[in-house]
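Trainee: Below you'll find the structure I mean.
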């Protein structure tokens with residue numbers, strides 16, 4: 001339906017031209033709960049809390065075979081596609097990455113093209129021991 005499509009486009013454009021949020025309360029208007037996709041999770045990741053938490057495990061986890069699964073690196077993607085203005089909060093313990101990427105990142109290789117932050121299709125923030133480093137296209141930037 002053309003009318004519905006135009007209406008949706010108008011709503012998206014109005015959202016994009018709104019002023020940038022400045023406070024946490026304003027950011028929360030754009031918040032989304034994100035769930036992780038067990039079909040894509042590396043087999044050394046255990047997903048829990050309704051697929052909202054990933055834990056690295058020594059033993060491989062049993063998941064059904066899936067052609068898009070990360071085979072070499074301990075990585076997983078969300079089920080949710082995020083577009084437009086989005087906000088989410090992450091809790092972590094130990095080392096780990098928070099990543100934004102294009103969905104077509106390679107998942108089957110054992111090269112840097114498949115590692116979050118080491119290619120042109122992903123941006124990764126690593127937190128470890130109170131230090132943070134931002135990675136993109138194999139460039140490290142301390143934060």
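Residue numbers (the UniProt record's numbering): 1 to 143.
Idealized CB from N, CA, C, for every residue including glycine.
1. Any idea which residues DSSP pairs residue 139 with across the strands?
2. Could you tell me the alpha carbon to alpha carbon distance between residue 14 and residue 79, rounded to whole angstroms?
3. Report the three-state DSSP secondary structure of residue 3 (helix, strand or coil).
4. Does the Cβ-Cβ distance between residue 132 and residue 117 come in under 8 angstroms?
5. According to the neighbour-count rule (16 or more other Cβ atoms, all chains shown, within 10 Å of its Cβ), is residue 102 buried or exposed?
6. Taking residue 24 as part of the alpha helix (DSSP H), name the residues at either end of that continuous run.
7. Suppose the cutoff is 7 angstroms on Cβ atoms and the five residues either side in sequence are ignored; what does the same chain contact list for residue 92 look like?
8. Residue 68 and residue 107 look like a contact to me (Cβ under 8 angstroms); what is the Cβ gap, rounded to whole Å?
9. Within this structure, are the beta carbons of residue 74 and residue 44 separated by less than 8 angstroms?
10. Starting from residue 56, trace the beta strand (DSSP E) in both directions and tell me its first and last residue.
11. Would you give the residue range spanned by the beta strand (DSSP E) that residue 73 belongs to?
12. Taking 8 angstroms as the cut-off, decide whether the C-beta atoms of residue 76 and residue 125 are in contact.
13. Between 90, 32, 130 and 143, which has its C-alpha nearest residue 54's C-alpha?
Mentor: Let's see:
1. Numbered from its first residue, the chain shown carries residue 139 at position 139. DSSP, once it has assigned bridges, lists 136 as partnering residue 139.
2. As a working mapping, residue 14 is identified with position 14 in the chain shown. As a working mapping, residue 79 is identified with position 79 in the chain shown. In a straight line, the C-alpha of residue 14 is about 26 angstroms away from that of residue 79.
3. As a first step, residue 3 is located in the chain shown; it is residue number 3 there, counting from the start. Three-state result, residue 3: helix.
4. Translated into the one-based positions of the chain shown, residue 132 becomes position 132. Translated into the one-based positions of the chain shown, residue 117 becomes position 117. Not closer than 8 angstroms, so no.
5. Locating residue 102 in the chain shown gives position 102, where the first residue counts as 1. So residue 102 counts as exposed.
6. Residue mapping note: residue 24 aligns to position 24 of the chain shown, counting from 1. Here the alpha helix (DSSP H) through residue 24 covers 24 to 28.
7. Looking up residue 92 in the chain shown gives position 92. Excluding residues within five positions, the ones whose Cβ falls inside 7 angstroms are 127.
8. Within the chain shown, residue 68 is the residue found at index 68, counting from 1. Within the chain shown, residue 107 is the residue found at index 107, counting from 1. With a Cβ gap of about 6 angstroms, residue 68 and residue 107 count as contacting.
9. Here residue 74 refers to the residue found at position 74 when the chain shown is read from its first residue. Here residue 44 refers to the residue found at position 44 when the chain shown is read from its first residue. Yes, Cβ-Cβ distance for residue 74 and residue 44 is below 8 angstroms.
10. Taking the chain shown and counting its residues from 1, one reaches residue 56 at position 56. First-last of the beta strand (DSSP E) with residue 56: 53 to 56.
11. Here residue 73 refers to the residue found at position 73 when the chain shown is read from its first residue. Unbroken run through residue 73: none, as it is neither H nor E.
12. As a working note, residue 76 is residue 76 in the chain shown. As a working note, residue 125 is residue 125 in the chain shown. Cβ atoms of residue 76 and residue 125: not closer than 8 angstroms.
13. What you label residue 54 is simply residue 54 of the chain shown in a count that begins at 1. From the listed residues 90, 32, 130 and 143, the smallest Cα separation to residue 54 is found for 90.
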